[in-house]
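Sequential numbering of the sequence shown, starting at 14, is according to this note's numbering. Note that CB positions come from ideal geometry on N, CA and C, so glycine has one too. Before any comments, here is the structure.
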Amino acid sequence: MANKIRIAVLSGGWSKERSVSIKSGKAVLGALDEKKYHIVSFDPKEDLNVLWQQRKQLDLVFNLLHGKFGEDGRIQGLLEIFGIPFVGSGVLASAMAMNKRVTKEVYRNVGLQVPEDIILKKGEAFSIDKIISVLGTPIVIKPVSEGSSIGISIMENERDIGAGIEKAFQFDLEVVLEEYISGREITCAVLGGKELETLPLVEIMPKDTHRFFDFDAKYTPGETTEICPAKIESHLQTRAFEIAKNAHRALNCKDWSRTDMIVRDNEIYLLETNTIPGMTETSLVPLAAKGKGWTLRDLLDRMISTCMAEIDS
14 MANKIRIAVL SGGWSKERSV SIKSGKAVLG ALDEKKYHIV SFDPKEDLNV
64 LWQQRKQLDL VFNLLHGKFG EDGRIQGLLE IFGIPFVGSG VLASAMAMNK
114 RVTKEVYRNV GLQVPEDIIL KKGEAFSIDK IISVLGTPIV IKPVSEGSSI
164 GISIMENERD IGAGIEKAFQ FDLEVVLEEY ISGREITCAV LGGKELETLP
214 LVEIMPKDTH RFFDFDAKYT PGETTEICPA KIESHLQTRA FEIAKNAHRA
264 LNCKDWSRTD MIVRDNEIYL LETNTIPGMT ETSLVPLAAK GKGWTLRDLL
314 DRMISTCMAE IDS
């Protein structure tokens, strides 16, 4: 044990993605090499004090707390206060990537193409006719700070748009309305510190062609077909790799991220960047690693070694 890296895997937590986080944690715990690592697991919701008590016995935390309180910078700040190094993005990058309004501002500032949008705050008046005149139909309606497609709707007629806005406000005080980009959805995982590496692109195709990549489509086996590597033209693949790396850099992400995009004709629209992607049996980053010829264990070794090298430098 003296020569092993001491790792704590955090999963569970407080968000609406708790069940997914637990599945991600189990997958990572099952894949980590016990010959290399001394591994413990914590669910901060159950007993946050344990993390404080164990802080001096840990070399590294692998945070798999999806959603609020895990992916938005709050647990990252706590780990920094505790003095525990962790895999993944820091406080600011996590907070920016979790907030869709801020994320889009960052993307636009570095010249990345995103769908047109309107931001609504809870309680303020709005005109559905004006929204339609700006964004057209259908309209994508999202809470500003939720993950895993929670609270998201795609609505077309006036009555449904109002209902979608009301639904999104159940999850946040701000809502983003976006023009709907019809095209092929792809995602790209980015690994690394100063030198970034992309994994093969994955194309996402829900079984129901009229359905978007919602929570059930993401986490229910058989509900979505994933193609890796995505069968798109080589020049679009090259551009998608660069967009994902540019998004990672613009948000100041660290160690890993996954950026989702829509390809329409010859254009690529950036949707969002995830700083703690899922690691479940249906998740996209492990699939992309497999497309590179890596097992989940290989992927985790790569991420941990990169993080440890940054700590030692």
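Per the coordinates, the alpha-carbon of Glu-171 lies some 37 Å from the alpha-carbon of Arg-87. The three-state secondary structure of Ser-24, taken from DSSP, is coil. The beta-bridge partner set that DSSP reports for Pro-219 consists of Thr-237. Secondary structure at Pro-156: strand, using DSSP grouped into helix, strand and coil.
For Gln-89, the closest alpha carbon among the candidates Ile-132, Gly-96, Val-104 is that of Val-104.
The three-state reading of DSSP puts Ser-195 in coil, since its state is none of H, G, I, E or B. Rounded to whole angstroms, Ala-181 and Glu-285 show a C-alpha spacing of 17 Å. Counting only the Cα atoms, Ala-138 lies some 45 Å from Pro-242. Boundaries of the beta strand (DSSP E) harbouring Val-53: 50 to 55, taken from the DSSP string.
Within the segment 233 to 317, the complete beta strand (DSSP E) runs of at least 3 residues fall at 237 to 240, 268 to 277, 280 to 287.
The beta-bridge partner set that DSSP reports for Ser-162 is empty. Closest option to Asn-112, judged by alpha-carbon separation, among Lys-69, Thr-251, Glu-187: Glu-187. By the Cβ neighbour-count rule, Glu-159 is buried, with 16 or more other Cβ atoms within 10 Å of its own. Judged by their CB atoms, Val-115 and Leu-73 are not nearer to each other than the 8 Å cut-off. The C-alpha of Cys-266 lies about 6 Å from the C-alpha of Ala-106. For the pair Lys-117 and Lys-48, the Cα-to-Cα distance works out to about 43 Å. By the 16-neighbour rule on beta-carbons within 10 angstroms, Lys-69 is exposed. Here the segment 309 to 323 makes no contact with the segment 52 to 66; the two share fewer than three CB pairs at distances below 8 Å. Phe-184 and Leu-23 have their C-alpha atoms some 24 Å from each other.
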